[in-house]
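Trainee: What follows is a single structure, and I will ask about it in a moment.
Below you can see the structure in the form of structure tokens.
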């Protein structure tokens, strides 16, 4: 047990300051709804992540948001286990046709007001998979999307900047 | 010497089955008549050949069906041709349980019926394409004829359990965590799991179909997105297959860099998994430490190789990134640091009795079951299955360095934990050895369009285990057929076995200790 505490003390706090994105950067991220969220959520959002067909690359980087370097919860952003507890759906992947109904149901289960963020190139525009007999392509082809965060996969920093744009610090 | 079993086996077969050999080195192709398909499997099983992969392709009006077997590091491809009108073949799944889902996939995608199959339910097929139509047939358009909204697949006949106090838990496809979608159906009494059935296929993205007609570069990009955590592994396997078809060999420097990339991918994933296994028994200290170490590792990936997950670093003919002398110093320093960190963290975990209490004996996979299902990678190696492509069928650069393959025999979650720990150490040594092997030279061999109909079989040891990638080219440097077999395809079925008699709350940690790829399985 002592070893454990020694390691914790020795590791210290590695969490890094994240520079808030400038206005031009925010615009590039396509976030016009920022002020709505400021008003309704007082700076805190609950996110339900939905993999609608991704290769799992985006999930790895979304996971990284919870590591001690990024510690996304300090910004009032936390991940929840049910869409019924969520303000925001963070959707990855091209939407596979086999996941289409599940995504629609998840969207319906999320209480209003709600926002959808499409994460990763596949979610934004279909990416490497596009539209086919098996894939609906971009998330916007299935449910309304408010914000997009491109990248293959987007880095944790790109994700944070995209998410931070949603809430007032 | 090694291939002796093949000669003996062929002699033995000659009494029973006539085999036409096409020797397209390095992989022998044995062609037999379709009526002997199952009989061959029986004889192969008796000879202890391991079932490695199965796939089909449509050529003109006929279907080519293939099974890849392995023994003592020698691979053979068994092939048969069946007519296009009413394609049917005796099932090998009766002999090899590992062939079960693969044959169902082929049945769903090609409409080839496997007679005598022990489980003829659909697998990859949900409701996205109509009955009696088969996406991988050449007359099926890549766009298909999808409905506006694909209905959910409601009528899958799960196995039922009846009796006092027996209940059913359906889970998924959308899970509670940040993970991929799939469905699990539990039958339980109290906390005890009586039975588990997996229903996958939710992230089927038509990878095999959209691969057709691609250029080699575009196929490598697609292969790198079969499973995001195995981007190096799949990309390497696909490129090996394409290079084999094009009859080109990559420069030695490129091979060494590929090796470094693959070992870095293995370490990154094992770091993540060890933390996540502990997190699933609420031991957050380990999760925080290991996600921290993983993040440092990924940042160095970005600094040295230009991408955190190493996507698109491997290209047909070589690699798209170089390693400078300074990079080598950075990597070696990083390895020293990681070793020191691990010695502290792993020791703290090893001495923690509450962690021990949750991981030892839980999720037991017997060595016989692991062997029968051809379990691969750390799952197989935690249950006594030592096979590792790098060691048993070495390819460049592993033919020039010493590959240590750790083995555990206890078969529980703790074994899968310790195999990962040992593999991290082995891979750290490998990276050091590979850096010492780096000689000046080119990074890419110039691409040469392969002859029409040429094929290649790329087999590499991904971080989850053996990856088998089949590629056929058409006449103008385009892909005619691509089939990647992720190790998850063989490891998923053993999850159904290893959770038996565990408690429902231990399912997440059982699942994490196996960590199958949904995307790699569903294609």
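Residue numbers (the numbering used here), protein chains in the order written: chain A, -16 to 152; chain B, 66 to 588.
From the three backbone atoms N, C-alpha and C, an ideal C-beta is built for every residue, glycine too.
1) Looking at C-alpha atoms only, which residue of 79/B, 517/B and 464/B is the closest neighbour of residue 307/B?
2) According to the Cβ coordinates, are residue 318/B and residue 508/B closer than 8 Å?
3) Output, in sequence order along the chain, the residues in the segment 248 to 280 of chain B whose CB is closer than 7 Å to any CB in chain A.
4) Residue 454/B to residue 366/B, Cα distance in whole Å?
5) For residue 520/B, write down the residues that DSSP places opposite it in a beta bridge.
6) Give me the Cα-Cα distance between residue 462/B and residue 328/B, rounded to the nearest whole angstrom.
7) Report the residue from 80/B, 95/B and 81/B whose alpha carbon sits nearest the alpha carbon of residue 71/B.
8) In the DSSP assignment, the alpha helix (DSSP H) including residue 408/B goes from what residue to what residue?
9) Do the CB positions of residue 297/B and residue 414/B come within less than 8 Å of each other?
10) In chain B, which residues lie less than 8 Å from residue -13/A when you measure between Cβ atoms?
11) Looking at the structure shown, is residue 96/B part of a helix, part of a strand, or coil, going by DSSP?
12) At a cut of 8 Å, does the segment 245 to 252 of chain B reach the segment 53 to 61 of chain A through at least three beta carbon pairs?
13) Considering only their Cβ atoms, is the gap separating residue 157/B from residue 189/B smaller than 8 Å?
14) Find the residues of chain B that neighbour residue 42/A, judging by a C-beta separation of less than 8 Å, and give them in chain order.
15) Are the beta-carbon atoms belonging to residue 410/B and residue 388/B less than 8 Å from one another?
16) Starting from residue 134/B, follow its DSSP beta bridges and name the residues at the other end.
17) If you draw a straight line from the alpha carbon of residue 486/B to that of residue 220/B, how long is it in whole angstroms?
18) Enumerate in chain order the residues of its own chain whose CB-to-CB distance from residue 67/A is below 6 Å, with the five nearest sequence positions on each side excluded.
19) Should the segment 108 to 120 of chain B be regarded as contacting the segment 156 to 172 of chain B, the criterion being three or more beta carbon pairs within less than 8 Å?
20) Can you have a look at residue 61/A and say buried or exposed, based on whether 16 or more other CB atoms are within 10 angstroms of its CB?
21) Cβ closer than 9 Å: which chain A residues qualify as neighbours of residue 409/B?
22) Could you list which residues in chain B have their beta carbon closer than 8 Å to that of residue 45/A, in chain order?
23) Quick one: Cα of residue 208/B to Cα of residue 239/B, how far?
24) Does residue 362/B get closer than 8 Å to chain A when you measure Cβ to Cβ?
25) Between which two residues does the beta strand (DSSP E) containing residue 34/A stretch?
26) Output yes if chain A places a C-beta closer than 8 Å to the C-beta of residue 307/B; else output no.
27) Identify, in the order they occur along the chain, each residue of the same chain with its Cβ nearer than 8 Å to the Cβ of residue 468/B, setting aside the five sequence neighbours on each side.
28) Which residues of chain A have a Cβ atom closer than 9 Å to the Cβ of residue 208/B, listed in chain order?
29) How far does the alpha helix (DSSP H) with residue 356/B in it reach, from first residue to last?
30) Report all residues from its chain with a CB closer than 6 Å to the CB of residue 135/B; omit the five preceding and five following residues, and keep chain order.
31) Tell me the DSSP secondary structure of residue 331/B in three-state form.
32) So, for residue 589/B: in the same chain, excluding its five sequence neighbours on each side, which residues have a beta-carbon less than 7 Å away from its beta-carbon?
33) CB-CB under 7 Å to residue 426/B, same chain, minus the five flanking residues each way: which ones, in chain order?
34) Label residue 66/B either buried or exposed according to how many other C-beta atoms from any shown protein chain fall within 10 Å of its C-beta, with 16 as the threshold for buried.
35) For residue 465/B, name the three-state secondary structure that DSSP assigns.
36) Could you tell me if residue 212/B is buried or exposed, where buried requires 16 or more neighbouring beta carbons within 10 angstroms of its beta carbon?
Mentor: Based on what the coordinates show:
1) Within the second chain, numbered from 1, the residue matching residue 307/B stands at position 242. It is 517/B.
2) Here residue 318/B refers to the residue found at position 253 of the second chain. Here residue 508/B refers to the residue found at position 443 of the second chain. Yes, the pair counts as a contact, with Cβ atoms nearer than the cut-off.
3) 266, 267, 268, 269, 270, 271, 274 and 275
4) Counted from its first residue, the second chain places residue 454/B at position 389. Counted from its first residue, the second chain places residue 366/B at position 301. Taking the straight line joining both Cα atoms gives about 24 Å.
5) One-based indexing of the second chain puts residue 520/B at position 455. In the DSSP output, where bridge partners are listed per residue, residue 520/B has 537/B.
6) Taking the second chain and counting its residues from 1, the one referred to as residue 462/B is at position 397. Taking the second chain and counting its residues from 1, the one referred to as residue 328/B is at position 263. Cα to Cα, the separation comes out at about 12 Å.
7) For this step, residue 71/B is matched to residue 6 along the second chain. The residue with the shortest Cα to Cα distance from residue 71/B is 95/B.
8) Looking up residue 408/B in the second chain gives position 343. Start and end: 390 to 415.
9) Residue 297/B sits at position 232 when you count from the first residue of the second chain. Residue 414/B sits at position 349 when you count from the first residue of the second chain. Not in contact: residue 297/B and residue 414/B (Cβ atoms no closer than 8 Å).
10) The sequence position of residue -13/A within the first chain is 4, counting from 1. Here the neighbours are 350, 413 and 417.
11) The residue given as residue 96/B occupies position 31 in the second chain. Strand.
12) no
13) Residue 189/B sits at position 124 when you count from the first residue of the second chain. Residue 157/B sits at position 92 when you count from the first residue of the second chain. No Cβ-Cβ contact shorter than 8 Å links residue 189/B with residue 157/B.
14) As a working mapping, residue 42/A is identified with position 59 in the first chain. Within chain B, the residues near residue 42/A are 243, 244, 245 and 293.
15) What you label residue 410/B is simply residue 345 of the second chain in a count that begins at 1. What you label residue 388/B is simply residue 323 of the second chain in a count that begins at 1. Their beta carbons are not under 8 Å apart, which means residue 410/B does not touch residue 388/B by this criterion.
16) The residue given as residue 134/B occupies position 69 in the second chain. Answer by DSSP bridge pairing, in chain order: 116/B and 141/B.
17) Looking up residue 486/B in the second chain gives position 421. Looking up residue 220/B in the second chain gives position 155. Cα-Cα distance, rounded: 42 Å.
18) Position 84 of the first chain, counted from the first residue, corresponds to residue 67/A. If we look at residue 67/A and ignore the five residues flanking it on each side, its Cβ neighbours are 92.
19) Using a C-beta cut-off of 8 Å, the segment 108 to 120 of chain B makes contact with the segment 156 to 172 of chain B, since at least three inter-stretch Cβ pairs fall below that distance.
20) Stepping through the first chain from its first residue, residue 61/A is reached at position 78. So residue 61/A ends up on the exposed side.
21) As a working note, residue 409/B is residue 344 in the second chain. Under the 9 Å cutoff, chain A gives -14, -11, -10 and -7.
22) Within the first chain, residue 45/A is the residue found at index 62, counting from 1. By Cβ distance, chain B contributes 243.
23) If you number the second chain from 1, residue 208/B lands on position 143. If you number the second chain from 1, residue 239/B lands on position 174. Going by the C-alpha atoms only, they are around 26 Å apart.
24) Counting from 1 along the second chain, the entry for residue 362/B is found at position 297. Cβ-Cβ to chain A under 8 Å: no for residue 362/B.
25) Stepping through the first chain from its first residue, residue 34/A is reached at position 51. Per DSSP, residue 34/A belongs to the beta strand (DSSP E) from 28 to 34.
26) Mapped onto the second chain, residue 307/B falls at position 242. No, residue 307/B lies away from the interface with chain A (no Cβ there is under 8 Å from its Cβ).
27) For the purposes of this step, residue 468/B is identified with residue 403 of the second chain, where counting begins at 1. Contacts found: 453, 455, 456, 459, 491 and 495.
28) The residue given as residue 208/B occupies position 143 in the second chain. 114, 115 and 116, listed in chain order.
29) Here residue 356/B refers to the residue found at position 291 when the second chain is read from its first residue. Element bounds for residue 356/B: 349 to 365.
30) Sequence index remark: in the second chain, residue 135/B carries index 70 (1-based). Closer than 6 Å at the Cβ level, and outside the excluded window around residue 135/B, lie 115 and 117.
31) One-based indexing of the second chain puts residue 331/B at position 266. In this structure, residue 331/B counts as helix in the three-state DSSP scheme.
32) Lying before the first or after the last residue shown, residue 589/B is absent from chain B, which here runs from 66 to 588.
33) Looking up residue 426/B in the second chain gives position 361. Spatial neighbours of residue 426/B in its own chain (CB-CB distance under 7 Å, excluding positions within 5 residues in sequence) are listed in chain order as 477.
34) In the second chain, counting from the first residue as 1, residue 66/B sits at position 1. Its pLDDT being 49, under 50, residue 66/B is placed unreliably in this model, and the coordinates cannot settle the point.
35) As a first step, residue 465/B must be located in the second chain, where it is residue number 400. Reduced to three states, the DSSP call for residue 465/B is coil.
36) Taking the second chain and counting its residues from 1, the one referred to as residue 212/B is at position 147. With fewer than 16 other Cβ atoms within 10 Å, it is exposed.
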